[in-house]
DNA sequence: TCCGGCTAATTTGCATGCAAAGCCATTCAG
DNA sequence: CTGAATGGCTTTGCATGCAAATTAGCCGGA
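Chains as they are written, first to last, in the working numbering: chain H, 26 to 258; chain A, 26 to 258.
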């Protein structure tokens, strides 16, 4: 573990926040966290500052607090992710991609098909995430890539934010199929250099996640991550 | 000055970076900066971490370095700003704005008209910036507002990034007029709830800034901010 | 001249001390 | 009983010490 302490602290804290282990509104005290994690306050502070920059914490007069999101903001975050990913695939389409990239994409599509058919939810989640990353990278724009990554960090905004819903819901399984359809069409649009179509499809693709949020919302007690989201009357 | 020291350090450093006073590739040493600014290394570090989060610095194995941008990345940053502002005005349009907001917008448009006619470039810059902030705020989405603000920080991506070009160039003055035309149409589109039109116009509006960059590029020696931009071939 | 490796000088990451500021709870006036 | 003031406790912001790591300078060999 030659990893700096502020980085591990960052990972731990970010994990606790997005997993709902730390409720929105919780005050994070550097000194307390420091001895709970057995390190000094300096690396903890670095982590807290970074998390503030990511929008997961707010810093008021004295100290950091876990931000809580209104349901509306969750939808906004999802749309933001779609918008940025959409811009990325549009750019990729306009630029044109190589045949090898096209083949790799199709290979990944096939793998996704397989795990969907087999109902391997955990596998799907990982592959889906990687697929989105790969798509974004095709934009060849460091700035876009970085901003998309950033957008993934908002709660529920990542391309694979609902592992727990998993097998249960029929609606959820349907949305996987529709999503996969989107994936295929997006690849097609990129390959045929139809940037506008790729963009539009990606917006729509992200919108699918809205449904997942409302499914999760209606089964709130089974979705610990929702602790971050302000209960609206 | 009850302002924390890390904040003033942040402002100073950010200013020096985006103004081109610090060249891309410059290594920033906390200890050195600390005694140059007469404070300790702790607040300097906070500022550096924040600047890394803003994308203006990169942190390698040991230490922070001023990022340098390829010309292509400058265009990407401008487009990103347009994309986010576009999403904001689209949302504002779909939501609909109040008559008072509409009146305030028109009032601002009139002020902009006036300073353009009078050639008060400094005034224009400030008003233009405020106008863009106001438009963005109409989205009523904290997340979008924050991300737009963030996008402004990239070099040349802000809505008023070229004070120095100012009076000189005829092309620049023309672009002001076209930009103002965009402003008017965007307000119109928002008021008539035509989200798609508002979005498209905002993308196009940001694209105007591309021209400004190339104008500046061709007069590189008069544009110190360009020091951040990697000289291509 | 160019290059590899050695030592010395910085510089970073982390720990910790300390003053000032914020927060809490109790007390006291109305 | 409500609300403001007070005092103590906690926590932050900043400074600084220190070991480990990185960089820079220097020298000798090809």
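Backbone N, C-alpha and C define an ideal beta-carbon position, used for all residues, glycine too. The structure displayed is predicted, hence computed values, not measured ones.
Contact set between the region 75–103 of chain H and chain A, restricted to residues whose Cβ is under 7 Å from the partner: So the list reads 75, 78, 80, 98, 101, 102, given in the order they occur along the chain.
The alpha helix (DSSP H) spanning residue 88 (chain H) covers which residue range? The sequence position of residue 88 (chain H) within the first chain is 63, counting from 1. In the DSSP assignment, residue 88 (chain H) falls outside any alpha helix (DSSP H) and within the unbroken beta strand (DSSP E) covering 88–91.
Around the C-beta of residue 28 (chain A), are 16 or more other C-beta atoms found within 10 angstroms, so that it is buried, or is it exposed? On the second chain, residue 28 (chain A) is found 3 positions in, with the first residue counted as 1. Exposed: under 16 other Cβ atoms inside 10 Å.
Which residue comes first and which comes last in the alpha helix (DSSP H) that contains residue 105 (chain H)? Looking up residue 105 (chain H) in the first chain gives position 80. Element bounds for residue 105 (chain H): 96–120.
If distances are taken between C-alpha atoms only, which option among A:81, A:214, A:97, A:96 comes closest to residue 90 (chain A)? Here the question's residue 90 (chain A) lines up with position 65 in the second chain. Of the residues A:81, A:214, A:97, A:96, the one whose Cα lies closest to the Cα of residue 90 (chain A) is A:81.
Report all residues from its chain with a CB closer than 7 Å to the CB of residue 119 (chain A); omit the five preceding and five following residues, and keep chain order. Locating residue 119 (chain A) in the second chain gives position 94, where the first residue counts as 1. Only 218, 220 meet the Cβ criterion.
Does the beta carbon of residue 231 (chain H) come closer than 7 Å to any beta carbon on chain A? Here residue 231 (chain H) is taken as the residue at index 206 of the first chain, counted from 1. For residue 231 (chain H), the answer is no, since every Cβ of chain A falls outside 7 Å of its Cβ.
Alpha-carbon spacing of residue 198 (chain H) relative to residue 243 (chain A), whole angstroms: Counting from 1 along the first chain, the entry for residue 198 (chain H) is found at position 173. Counting from 1 along the second chain, the entry for residue 243 (chain A) is found at position 218. So the two alpha carbons sit approximately 56 Å from each other.
Residues of chain A with CB under 8 Å from residue 168 (chain H), in chain order? Here the question's residue 168 (chain H) lines up with position 143 in the first chain. Result: 80, 98, 101, 102, 105, 179.
Express the C-alpha separation of residue 40 (chain H) and residue 252 (chain H) in angstroms, rounding to a whole number. On the first chain, residue 252 (chain H) is found 227 positions in, with the first residue counted as 1. On the first chain, residue 40 (chain H) is found 15 positions in, with the first residue counted as 1. The alpha-carbon separation between residue 252 (chain H) and residue 40 (chain H) amounts to approximately 13 Å.
One question on the structure: do residue 78 (chain H) and residue 78 (chain A) come within less than 7 Å of each other, judged by their Cβ atoms? Residue 78 (chain H) sits at position 53 when you count from the first residue of the first chain. Residue 78 (chain A) sits at position 53 when you count from the first residue of the second chain. In this structure, residue 78 (chain H) sits near residue 78 (chain A), with a CB-CB distance shorter than 7 Å.
Report buried or exposed for residue 171 (chain H), applying the criterion of at least 16 other Cβ atoms within 10 angstroms of its Cβ. As a first step, residue 171 (chain H) must be located in the first chain, where it is residue number 146. Per the 10 Å Cβ criterion, exposed.
Reference residue 167 (chain H), options A:107, A:202, A:99, A:182, closest by Cα: Numbered from 1 along the first chain, position 142 holds the residue referred to as residue 167 (chain H). Proximity to residue 167 (chain H) across A:107, A:202, A:99, A:182 peaks at A:99, based on C-alpha coordinates.
Residue 52 (chain A), DSSP secondary structure in three states: Translated into the one-based positions of the second chain, residue 52 (chain A) becomes position 27. Strand at residue 52 (chain A).
Simplified DSSP state of residue 19 (chain A), which is helix, strand or coil: Beyond the ends of chain A as shown, which are 26 and 258, falls residue 19 (chain A); an answer cannot be given.
Using beta-carbon positions only, say whether residue 205 (chain A) and residue 137 (chain A) come within less than 7 Å of one another. For the purposes of this step, residue 205 (chain A) is taken as residue 180 along the second chain, with counting starting at 1. For the purposes of this step, residue 137 (chain A) is taken as residue 112 along the second chain, with counting starting at 1. Yes, the pair counts as a contact, with Cβ atoms nearer than the cut-off.
Residue 85 (chain A) - containing beta strand (DSSP E), residue span: By 1-based counting over the second chain, the position of residue 85 (chain A) is 60. Run containing residue 85 (chain A): 82–85, per the beta strand (DSSP E) assignment.
Closer than 8 Å, Cβ to Cβ, to anything on chain H: give me those residues from the region 146–174 of chain A, in chain order. Closer than 8 Å at the C-beta level to chain H, one finds these residues of the region 146–174 of chain A: 166, 167, 168, 169, 171, 172.
What number of angstroms, rounded off, separates the C-alpha of residue 69 (chain H) from the C-alpha of residue 63 (chain H)? As a working mapping, residue 69 (chain H) is identified with position 44 in the first chain. As a working mapping, residue 63 (chain H) is identified with position 38 in the first chain. C-alpha separation (whole angstroms): 10 Å.
Rank A:56, A:97, A:102, A:108 by C-alpha distance to the C-alpha of residue 228 (chain H) and give the top, closest one. Within the first chain, numbered from 1, the residue matching residue 228 (chain H) stands at position 203. Cα-wise, what sits closest to residue 228 (chain H) is A:108.
So residue 108 (chain A) contacts chain H; which residues on that side make the cut at Cβ distance below 8 Å? Start at 1 with the first residue of the second chain, and residue 108 (chain A) comes out as number 83. Within chain H, the residues near residue 108 (chain A) are 108, 109, 112.
Report the partner residues of residue 17 (chain A) according to the DSSP bridge assignment. Any property of residue 17 (chain A) remains undetermined from this structure, which presents chain A solely from 26 to 258.
For the alpha helix (DSSP H) containing residue 47 (chain A), name the first residue and the last one. For the purposes of this step, residue 47 (chain A) is taken as the residue at position 22 of the second chain. Neither: residue 47 (chain A) is in no alpha helix (DSSP H) and is coded neither H nor E.
Give the straight-line distance between the Cα atoms of residue 176 (chain A) and residue 225 (chain H), rounded to the nearest whole angstrom. Counting from 1 along the second chain, the entry for residue 176 (chain A) is found at position 151. Counting from 1 along the first chain, the entry for residue 225 (chain H) is found at position 200. Roughly 22 Å separates the two Cα atoms.
Burial state of residue 124 (chain A) (16 or more Cβ within 10 Å): Position 99 of the second chain, counted from the first residue, corresponds to residue 124 (chain A). Of the other Cβ atoms in all chains shown, fewer than 16 fall within 10 Å of the Cβ of residue 124 (chain A); this residue is therefore exposed.
With 16 other Cβ atoms within 10 Å as the buried cut-off, status of residue 202 (chain A): As a position in the second chain, residue 202 (chain A) is number 177, starting the count at 1. When all chains shown are included, residue 202 (chain A) counts as exposed.
7 Å Cβ shell around residue 45 (chain A) - same chain, five flanking residues per side excluded: Mapped onto the second chain, residue 45 (chain A) falls at position 20. The residues are 249, 250, 251, 252, 253.
CA-to-CA distance, residue 241 (chain A) to residue 13 (chain H), given in whole angstroms: There is simply no residue 13 (chain H) to check, as chain H begins at 26 and stops at 258 in what is shown.
Using 10 angstroms around the beta-carbon of residue 48 (chain H), count the other beta-carbons present and answer buried if the total reaches 16, otherwise exposed. Taking the first chain and counting its residues from 1, one reaches residue 48 (chain H) at position 23. Exposed is the call here.
Could you confirm whether any beta carbon from chain H is found closer than 7 Å to the beta carbon of residue 28 (chain A)? Start at 1 with the first residue of the second chain, and residue 28 (chain A) comes out as number 3. No, residue 28 (chain A) lies away from the interface with chain H (no Cβ there is under 7 Å from its Cβ).
Unbroken alpha helix (DSSP H) run spanning residue 161 (chain H), endpoints: Indexing the first chain from 1 puts residue 161 (chain H) at position 136. From DSSP, the alpha helix (DSSP H) with residue 161 (chain H) extends over 146–162.
Indicate whether at least one CB of chain H lies closer than 7 Å to the CB of residue 71 (chain A). Taking the first residue of the second chain as position 1, residue 71 (chain A) is located at position 46. Judged by the 7 Å Cβ criterion, residue 71 (chain A) is in contact with chain H.
Look at the Cβ atom of residue 163 (chain H), then the Cβ atom of residue 122 (chain H), and state whether they are nearer than 7 Å. One-based indexing of the first chain puts residue 163 (chain H) at position 138. One-based indexing of the first chain puts residue 122 (chain H) at position 97. Against a cut-off of 7 Å, the Cβ pair of residue 122 (chain H) and residue 163 (chain H) comes out as a contact.
Just reading off the alpha helix (DSSP H) that residue 172 (chain A) is part of, what are its end residues? Position 147 of the second chain, counted from the first residue, corresponds to residue 172 (chain A). Judged by DSSP secondary structure, residue 172 (chain A) falls within the alpha helix (DSSP H) whose first and last residues are 167–177.
Could you check which residue in A:113, A:145, A:234 has the C-alpha nearest to that of residue 214 (chain A)? In the second chain, counting from the first residue as 1, residue 214 (chain A) sits at position 189. Cα-wise, what sits closest to residue 214 (chain A) is A:113.
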